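Chains as they are written, first to last, in this note's numbering: chain A, 1 to 133; chain B, 134 to 266. We treat Cβ as the ideally placed atom computed from N, Cα and C, and that holds for glycine. A quick note: this is a predicted structure, and the numbers were derived from the prediction, not measured.
Protein chains: 2
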Amino acid sequence: MTEAAADLTRNQALVYGALEKTGTPMSAYTILDELRDDGFRAPLQVYRALDKLVEQGLVHRLESLNAFVACRHASCHRGGFIAFAICDTCGQVSEFSDDALSRRLSGWAGKHSFKPSKTTIEIRGLCAGCSNA
Amino acid sequence: MTEAAADLTRNQALVYGALEKTGTPMSAYTILDELRDDGFRAPLQVYRALDKLVEQGLVHRLESLNAFVACRHASCHRGGFIAFAICDTCGQVSEFSDDALSRRLSGWAGKHSFKPSKTTIEIRGLCAGCSNA
DNA sequence: ATCTATATGTTATAGCGTAACAAATCTGAT
DNA sequence: ATCAGATTTGTTACGCTATAACATATAGAT
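Here is the structure:
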């Protein structure tokens, strides 16, 4: 577990740990099963921890998967929208942010007086490794 | 109903009609309730119709809402990724596509040998009208 | 000590989506 | 016309995702 996981509650730390250990997206229910031995009994225990972790930016929710993934570089994405490339074969997630992309979306929002609160950018497909295999 | 809805089966036409009439996103179950009087009984009847409509580009799935919306301009978005701005207050959806945006995402994919199959771009927030009110 | 805010535990339930199988309908070829 | 194959439809049952509501416990401040 990285130092990013400081000052988390027990449940939050367990959920974050499970996500980090796996490395690929996990559903809340998969996390729950993973943590039964640590005393987890109910989905809500997972969802509550996830809410906080997402709030803090330690975990991202992938809308197109209904799943969650540990953030790879919590400090790198200040300000810009984050995009995800998700391999449908191996589950690997690449996280990136692109200034031009962010400016483009902000630009549209500005021009239309739209006030963004949360933005989702997800590319599903095949990663380099999996499209060769 | 617009001319776009030609050569649809009865169920597809009913589902498309419900979405078009409402104008804002609807969940599959809301559509189901809307169509009970037309003989719909089960979710699958809705989901099957939605699958085909999405395939044909007449309807879009909004991942961040688990909902569906009738496409506003089926012919306008050839080639580029489509982005959605979704107002969390009134539910209004603005659909747009932006060449620079598309190039940016394609560029990232090319550089990383990632083969995109489906892309989701959704901005949640407040539309001009609702942020004034 | 007690108050307040936050975190946790637990049960039940709501909402989203599909598997599996049966029946009907539509198509085109002979 | 009718037959075979493909597509569409109907229906039941089930699994996965997420939250409401309420009870309990824990931590920090005064």
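Cβ proximity to chain A below 8 Å picks out F247, K248, P249, S250, K251, T252, T253, I254, E255, I256, R257, G258, L259, C260 from the region 247-260 of chain B. Under the Cβ distance rule, B/D231 counts among the residues neighbouring chain A, one pair being separated by less than 9 Å. Under the 9 Å criterion on CB atoms, B/S160 is classed as non-interfacial with respect to chain A. Contact check for A/T120 and A/V69: beta-carbon distance about 13 Å, past the 8 Å limit, so the pair fails to qualify. Taking a C-beta cut-off of 8 Å against chain B, the contacting residues of the region 36-65 of chain A are E63, S64, listed in chain order. With contacts defined by Cβ atoms closer than 9 Å, B/S160 and B/E255 do not form a contacting pair. Here the alpha carbons of B/D140 and A/D51 stand approximately 45 Å from one another. If you draw a straight line from the Cα of A/R10 to the Cα of A/S117, it comes to about 29 Å. Within a 10 Å sphere around the beta-carbon of B/H193 sit 16 or more other beta-carbons, which makes this residue buried. About 5 Å separates the CB atoms of A/Q12 and A/A49; that is less than 8 Å, so the two are in contact. For B/I215, there is no enclosing beta strand (DSSP E), as DSSP marks it with neither H nor E. Using a Cβ-Cβ cut-off of 9 Å, A/A83 counts as an interface residue toward chain B, since at least one Cβ of chain B sits closer than that to its own. A Cβ-Cβ contact shorter than 9 Å links A/L105 with B/A216.
Those residues of the region 101-115 of chain A placed with their C-beta closer than 7 Å to a C-beta in chain B are L101, R104, L105, W108, A109, H112, S113, F114, K115, ordered along the chain.
A/A67 sits in a strand when the DSSP states are folded into three classes. Comparing C-alpha distances from A/S102 to each of A/I86, A/G80, A/T30 shows the shortest one belongs to A/G80. When only Cα atoms are considered, A/D33 and B/D232 end up about 43 Å apart. About 29 Å separates the beta carbon of A/G57 from that of B/K248, a gap too long to meet the 8 Å contact definition. Of the candidates A/G17, A/A128, A/S94, A/G17 places its Cα closest to the Cα of A/L53. CA-to-CA, the gap between B/N199 and A/A133 works out to about 32 Å. The Cβ of A/C87 sits closer than 9 Å to at least one Cβ of chain B.
Judged by DSSP in its simplified three-state form, A/R103 adopts helix. When secondary structure is reduced to three states using DSSP, A/P116 falls in the strand class. Setting aside the 5 residues that flank it on each side, A/L62 is surrounded in the same chain by P25, F68, V69, F84, I86, V93, E122, each with a C-beta closer than 8 Å to its C-beta; the list follows chain order.
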